[in-house]
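Going line by line, the protein sequences match chains A and B.
For any residue, its number in the working numbering is found by taking its place in the first sequence, counting from 1, and adding 1.
For any residue, its number in the working numbering is found by taking its place in the second sequence, counting from 1, and adding 1.
First up is the structure itself, then whatever we jot down about it.
Number of protein chains: 2
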Amino acid sequence: MFVIITYDVDKKRVGKVCKKLREYLDWTQNSVFEGEISTGKLTKCMFELNQIINKKEDSIYLYQVNNPRNIKKVVYGQEKNPLDLFL
Amino acid sequence: MFVIITYDVDKKRVGKVCKKLREYLDWTQNSVFEGEISTGKLTKCMFELNQIINKKEDSIYLYQVNNPRNIKKVVYGQEKNPLDLFL
Numbered sequence: 002m003f004v005i006i007t008y009d010v011d012k013k014r015v016g017k018v019c020k021k022l023r024e025y026l027d028w029t030q031n032s033v034f035e036g037e038i039s040t041g042k043l044t045k046c047m048f049e050l051n052q053i054i055n056k057k058e059d060s061i062y063l064y065q066v067n068n069p070r071n072i073k074k075v076v077y078g079q080e081k082n083p084l085d086l087f088l
Numbered sequence: 002m003f004v005i006i007t008y009d010v011d012k013k014r015v016g017k018v019c020k021k022l023r024e025y026l027d028w029t030q031n032s033v034f035e036g037e038i039s040t041g042k043l044t045k046c047m048f049e050l051n052q053i054i055n056k057k058e059d060s061i062y063l064y065q066v067n068n069p070r071n072i073k074k075v076v077y078g079q080e081k082n083p084l085d086l087f088l
């Protein structure tokens, strides 16, 4: 399936959340990750994220589209290179 | 259709981009908006955003799902209240 994950977490936990998401998905911009992922890996990813976040302060939004052909992505302006994150 | 729009724009233009998106969609968190919108309104929205952003520096990602039933949203932790933005 195709997923988009956006997060709004306290800066104390941003690094950990970002690192965890990078294990499973591609970074797109700011606090947004996306990519194709299996149900099993997604369950594992969300379980691990749930252990990192403070549920009273942070939030993670998961958008799931079972068939990647049902979602279309259009970029306006500059497409950020995922590698920029590591430079 | 259902759309998710995320943006990464210079802080000089964040206010304008955010205000424009609020005319058409619901704010969810950080730099993410979502909602159901007609093709005509979406075209208008993207045209107007294109006039605000600097295409060499900013980026706007548009994810479109024609049938809203094909996308599922799950929130982990706190669901941000859209009204928080106006408080």
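Just so it is clear, CB atoms sit at the ideal spot from N, CA and C, and this is done for glycine as well.
Predicted model, so just to flag it, every value in this text is computed and none were measured.
Is the Cβ of V33/B closer than 8 Å to any Cβ of chain A? So, interface residue.
Using DSSP with H/G/I as helix, E/B as strand and the rest coil, what is V15/A? The DSSP-derived three-state label of V15/A is helix.
How is I5/A classed by DSSP in three states: helix, strand or coil? Reduced to three states, the DSSP call for I5/A is strand.
Strictly under 8 Å for the Cβ-Cβ distance: is D11/B near chain A by that measure? Output row for D11/B: interface = no.
Bridge-paired residues (DSSP) for Q65/B: Residue pairing of Q65/B in beta bridges, as defined by DSSP: K73/A and V4/B.
Report yes or no: is there a C-beta of chain A within less than 8 Å of the C-beta of I54/B? Cβ-Cβ to chain A under 8 Å: yes for I54/B.
So which residues of chain A does T29/B contact, with C-beta pairs closer than 7 Å? Neighbours of T29/B on chain A, chain order: Y62.
So, helix, strand or coil for E24/B, using DSSP? Helix, per DSSP.
Along the alpha helix (DSSP H) that carries E49/B, what are the first and last residues, could you check? Looking at the DSSP string, the run of the alpha helix (DSSP H) that includes E49/B is T40 to I53.
Helix, strand or coil: how does DSSP classify L86/B here? Any reading at L86/B needs caution, since the residue's pLDDT is 47, under 50, leaving its predicted position unreliable; the model's value is listed next. In the structure shown, L86/B sits in a helix (DSSP, three-state: H, G or I).
In terms of residues, what are the limits of the beta strand (DSSP E) holding V33/B? Where V33/B is concerned, the enclosing beta strand (DSSP E) stretches over V33 to E37.
Would you tell me roughly how many angstroms separate the C-alpha atoms of N51/A and N68/B, rounded to the nearest one? Cα to Cα, N51/A sits roughly 29 Å from N68/B.
Report the rounded CA-to-CA distance for F87/A versus E80/B, giving the unit in angstroms. Legend: pLDDT at F87/A = 48, less than 50; position of this residue unreliable, value from coordinates given subsequently. Each residue's CA atom was taken as its position, placing F87/A and E80/B some 30 Å apart.
Check the Cβ-Cβ distances between G78/B and every residue of chain A, and say whether any is below 8 Å. Yes, contact with chain A.
Where I38/A and Q65/B are concerned, what is the direct C-alpha to C-alpha distance, given to the nearest angstrom? Taking the Cα positions, I38/A is about 19 Å away from Q65/B.
Going by beta-carbon coordinates alone, are S60/A and Y77/B separated by less than 8 Å? If you check the CB distance, S60/A and Y77/B come in under 8 Å.
Anything in chain A within Cβ reach of V66/B, meaning under 9 Å, just list it in chain order. Counting only Cβ-Cβ distances below 9 Å, V66/B has contacts in chain A at Y64, V66, N71, I72 and K73, in chain order.
Whose Cβ in chain B lies nearer than 9 Å to the Cβ of I38/A? One finds nothing in chain B with a Cβ atom closer than 9 Å to the Cβ of I38/A; even the nearest lies about 14 Å away.
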